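Residue numbers for the sequence shown follow our numbering, beginning at 2 and rising by one.
Heads up, the beta-carbon is just placed ideally off N, CA and C, and yes, glycines get one too.
These numbers come from a predicted model, not from an experiment.
A quick write-up on the structure given underneath.
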Amino acid sequence: MKLITAIVKPYRLDEVKTALQEIGVHGLTVTEASGYGRQRGHTEVYRGAEYQVDLVPKVRIEVVVEDAASDDVIDAIVKAAQTGKIGDGKVWALPVETVVRVRTGERGPDAL
Numbered sequence: 002m003k004l005i006t007a008i009v010k011p012y013r014l015d016e017v018k019t020a021l022q023e024i025g026v027h028g029l030t031v032t033e034a035s036g037y038g039r040q041r042g043h044t045e046v047y048r049g050a051e052y053q054v055d056l057v058p059k060v061r062i063e064v065v066v067e068d069a070a071s072d073d074v075i076d077a078i079v080k081a082a083q084t085g086k087i088g089d090g091k092v093w094a095l096p097v098e099t100v101v102r103v104r105t106g107e108r109g110p111d112a113l
């Protein structure tokens, strides 16, 4: 099993959720995040004063899937989140040793 984690722009979340549902992903976790990459934030003007915004708002999406589905999930996230502009985000995968469904005690692929 793999834990797929994606950091994307908040306004692309609905597109990513739809893309994952279309390929059969049944559950995910979304958390608000903030950070920066190469762009190092941006400047904004408020009431005539310019100031630096160091941390850009993002969302973090986490999905646990079977190994065989991980490439399809990554491709779906990238395609749905991509705008072609700086700050589109990152996606990575990590191995997962054990998954347990708390309600039933099921383990492994049955717990997904």
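- Our two residues, Arg102 and Gln53, have alpha carbons roughly 44 Å apart in a direct line.
- Note on geometry: alpha-carbon atoms of Ala82 and Lys3 lie some 20 Å from one another.
- According to the DSSP assignment, Lys18 belongs to the alpha helix (DSSP H) that extends over 14–23.
- Ranked by Cα distance from Leu29, the first of Asp111, Val17, Thr84 is Val17.
- In this structure, the alpha-carbon of Tyr47 lies about 15 Å from that of Asp55.
- Annotated three-state conformation of Ile87 is coil, per DSSP.
- As a beta-bridge residue in DSSP terms, Ile8 pairs with Arg61, Lys91.
- A direct Cα-Cα distance of roughly 26 Å separates Gly90 from Leu113.
- Of the other Cβ atoms in all chains shown, fewer than 16 fall within 10 Å of the Cβ of Leu95; this residue is therefore exposed.
- An exposed status is given to Ile24, since fewer than 16 other beta-carbon atoms sit within 10 Å of its beta-carbon.
- Our two residues, Tyr37 and Val65, have alpha carbons roughly 25 Å apart in a direct line.
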